[in-house]
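Undergrad:
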């Protein structure tokens, strides 16, 4: 029997946040619908952050509202502070994603707070969310968990301390994020093991970037260490506006091809996923979408574990 692995598409948020030209709200919704039609059931659709700093996300409330109408879709939204979390909650997001950088310097660049100060703020956010009548899942992200383009090496003890602090603050799930794509498989192995020792099953997911071309290798190492959830972005879009040098996320199409070929069932239809690129490509700069499978095509030897092959 194939093993189930969940892929969360972060393109509508992480993938678009650095795109300078405005993408119409209706185009974002059409893309999300195409991704859902391909089998994706977990999609991060926007972020509730300053529209002055990240203007592409200014319509996130409208995007969330439309995404909530898609049957069976779990709608994720990112928020970096209490104001953003309140807005994400009011919009109706099922999952609110809250980042905490293990790098103090990156944290100051990202949210204008040091790591310790931000931990306290996250505690207040979670406390507020727990007091609301509608239950919402809180996924906390330990960002810069494998290195930082601002500060360089991030000590493992700082990563563990950040994850432990998020657990104590009440996070439902914890993600380790390779924000700038500096990770390599041995570092992924050591970091995942250390954080698992600290927070146990709260560690659910890896968020990987492909700056050094090691994103899929790092995903395989995560699999070997028991991780069964991964963020990815169609066409490898993405990057962090407050982490110089960060490049795109791991390519959803390539990740799905790899996982399904390895016997890990994602329940994502790869041909339909490739077709979904057409929903967003006209609204992106030329050449923005990349990936191995999209360029080479699906080989005749492909036998998906999910059995999804229309």
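Residue numbers (the UniProt record's numbering): 1 to 310.
Virtual Cβ for every residue (Gly too), placed ideally from N, Cα, C.
For the segment 177-245, which segments carrying the beta strand (DSSP E) assignment without a break, of at least 3 residues, lie completely within its bounds, in sequence order?
TA: Here the runs fully enclosed are 203-207 and 229-232.
Undergrad: Quick check on the burial criterion: 16 or more other C-beta atoms within 10 angstroms. Buried or exposed for residue 300?
TA: Here residue 300 corresponds to residue number 300 of the chain shown, with the count starting at 1. Flag for residue 300 reads exposed.
Undergrad: Using only the alpha-carbon positions, how far apart do residue 1 and residue 263 sit?
TA: On the chain shown, residue 1 is found 1 positions in, with the first residue counted as 1. On the chain shown, residue 263 is found 263 positions in, with the first residue counted as 1. Bear in mind that a pLDDT of 47 at residue 1, under 50, signals an unreliable position, so the number given afterwards is only what the model happens to contain. The alpha-carbon atoms of residue 1 and residue 263 are separated by roughly 8 Å.
Undergrad: In the DSSP output, which residue or residues are listed as bridge partners for residue 277?
TA: Reading the chain shown from its first residue, position 277 is the one you call residue 277. Beta-bridge pairing links residue 277 to no other residue.
Undergrad: Going by other Cβ atoms of all chains shown within 10 Å of its Cβ, with 16 needed for buried, is residue 71 buried or exposed?
TA: Here residue 71 corresponds to residue number 71 of the chain shown, with the count starting at 1. Looking at its Cβ environment, which holds fewer than 16 other Cβ atoms inside 10 Å, residue 71 is exposed.
Undergrad: Less than 9 Å between the beta carbons of residue 141 and residue 119, yes or no?
TA: Walking along the chain shown from the start, residue 141 turns up at place 141. Walking along the chain shown from the start, residue 119 turns up at place 119. Cβ distance not < 9 Å, so residue 141 and residue 119 don't count as in contact.
Undergrad: Apart from the five residues on each side of it in sequence, which residues of its chain come closer than 6 Å, Cβ to Cβ, to residue 261?
TA: For the purposes of this step, residue 261 is taken as residue 261 along the chain shown, with counting starting at 1. If we look at residue 261 and ignore the five residues flanking it on each side, it has no Cβ neighbours.
Undergrad: With DSSP run on the structure shown, which of helix, strand or coil describes residue 174?
TA: Your numbering for residue 174 matches position 174 in the chain shown. It is a strand residue.
Undergrad: For residue 166, which option in 190, 186, 195 and 191 has the closest C-alpha, if you only look at C-alpha atoms?
TA: Walking along the chain shown from the start, residue 166 turns up at place 166. If we check each option's Cα against that of residue 166, 195 comes out closest.
Undergrad: Quick one: measure Cβ to Cβ for residue 203 and residue 230, integer angstroms, because I've assumed they're closer than 8 Å.
TA: Locating residue 203 in the chain shown gives position 203, where the first residue counts as 1. Locating residue 230 in the chain shown gives position 230, where the first residue counts as 1. Going by Cβ atoms, the distance from residue 203 to residue 230 rounds to 13 Å, so no, they are not a contact pair.
Undergrad: Assuming contact is defined by CB atoms lying nearer than 9 Å, are residue 233 and residue 211 in contact in what I supplied?
TA: In the chain shown, the residue the question calls residue 233 occupies position 233. In the chain shown, the residue the question calls residue 211 occupies position 211. Cβ distance not < 9 Å, so residue 233 and residue 211 don't count as in contact.
Undergrad: Less than 6 Å between C-beta atoms, sequence neighbours within five positions excluded: which residues of the same chain meet that for residue 217?
TA: Along the chain shown, one-based indexing puts residue 217 at 217. Closer than 6 Å at Cβ, skipping near neighbours: 185.
Undergrad: Can you give the beta carbon distance from residue 121 to residue 81, rounded, assuming they're within the 8 Å contact cut?
TA: By one-based count along the chain shown, residue 121 stands at place 121. By one-based count along the chain shown, residue 81 stands at place 81. Right, the Cβ-Cβ distance comes to about 7 Å (below 8 Å), so this counts as a contact.
Undergrad: In angstroms, rounded to a whole number, what distance separates the CA positions of residue 24 and residue 6?
TA: Numbered from 1 along the chain shown, position 24 holds the residue referred to as residue 24. Numbered from 1 along the chain shown, position 6 holds the residue referred to as residue 6. Rounded to whole angstroms, residue 24 to residue 6 spans 28 Å at the Cα level.
Undergrad: Any chance the segment 6-15 sits against the segment 39-54, with 3 or more Cβ pairs inside 8 Å?
TA: Contact between the segment 6-15 and the segment 39-54 is present, because at least three Cβ pairs lie under 8 Å.
Undergrad: Got a sec? Which residues, its chain only, sit under 6 Å from residue 161 by beta carbon, not counting five neighbours each side?
TA: Taking the first residue of the chain shown as 1, we reach residue 161 at position 161. Answer for residue 161: no residue qualifies.
Undergrad: Contact check, residue 352 vs residue 291 under 8 Å by CB: the rounded distance?
TA: This structure gives no information on residue 352, because the portion of the chain shown stretches from 1 to 310.
Undergrad: In terms of residues, what are the limits of the alpha helix (DSSP H) holding residue 169?
TA: Start at 1 with the first residue of the chain shown, and residue 169 comes out as number 169. Where residue 169 is concerned, the enclosing alpha helix (DSSP H) stretches over 156-169.
Undergrad: Less than 7 Å between C-beta atoms, sequence neighbours within five positions excluded: which residues of the same chain meet that for residue 277?
TA: The count along the chain shown starts at 1 and reaches residue 277 at position 277. Within the same chain, residue 277 has close Cβ partners 234, 235, 289 and 294.
Undergrad: Here's the rule I'm using: 16 or more other beta-carbon atoms within 10 Å means buried, otherwise exposed. How should residue 249 be labelled?
TA: In the chain shown, counting from the first residue as 1, residue 249 sits at position 249. Buried.
Undergrad: Please state the DSSP three-state secondary structure of residue 8.
TA: Taking the chain shown and counting its residues from 1, one reaches residue 8 at position 8. The answer is strand: DSSP assigns residue 8 an E or B state.
Undergrad: Taking contact to mean 3 or more Cβ pairs, one atom from each stretch, closer than 8 Å, check whether the segment 269-284 and the segment 32-42 are in contact.
TA: Touching, per the Cβ criterion.
Undergrad: Closest to residue 84 by C-alpha separation, out of 98, 73 and 75, would be which residue?
TA: Here residue 84 is taken as the residue at index 84 of the chain shown, counted from 1. For residue 84, the nearest C-alpha among the options comes from 98.
Undergrad: Note down the Cα distance separating residue 128 from residue 169, rounded to an integer number of angstroms.
TA: Taking the first residue of the chain shown as position 1, residue 128 is located at position 128. Taking the first residue of the chain shown as position 1, residue 169 is located at position 169. C-alpha separation (whole angstroms): 12 Å.
Undergrad: So which of 275, 95, 287 and 21 has the shortest CA-CA distance to residue 137?
TA: On the chain shown, residue 137 is found 137 positions in, with the first residue counted as 1. Cα-wise, what sits closest to residue 137 is 95.
Undergrad: Which partner residues does residue 152 have in the DSSP bridge list?
TA: Position 152 of the chain shown, counting from 1, holds the residue named residue 152. In the DSSP output, where bridge partners are listed per residue, residue 152 has 148.
Undergrad: Go to residue 126, then tell me how far its alpha helix (DSSP H) extends in each direction, as first and last residue.
TA: To locate residue 126, count along the chain shown from 1; it is residue 126. Residue 126 -> alpha helix (DSSP H) spans 115-130.
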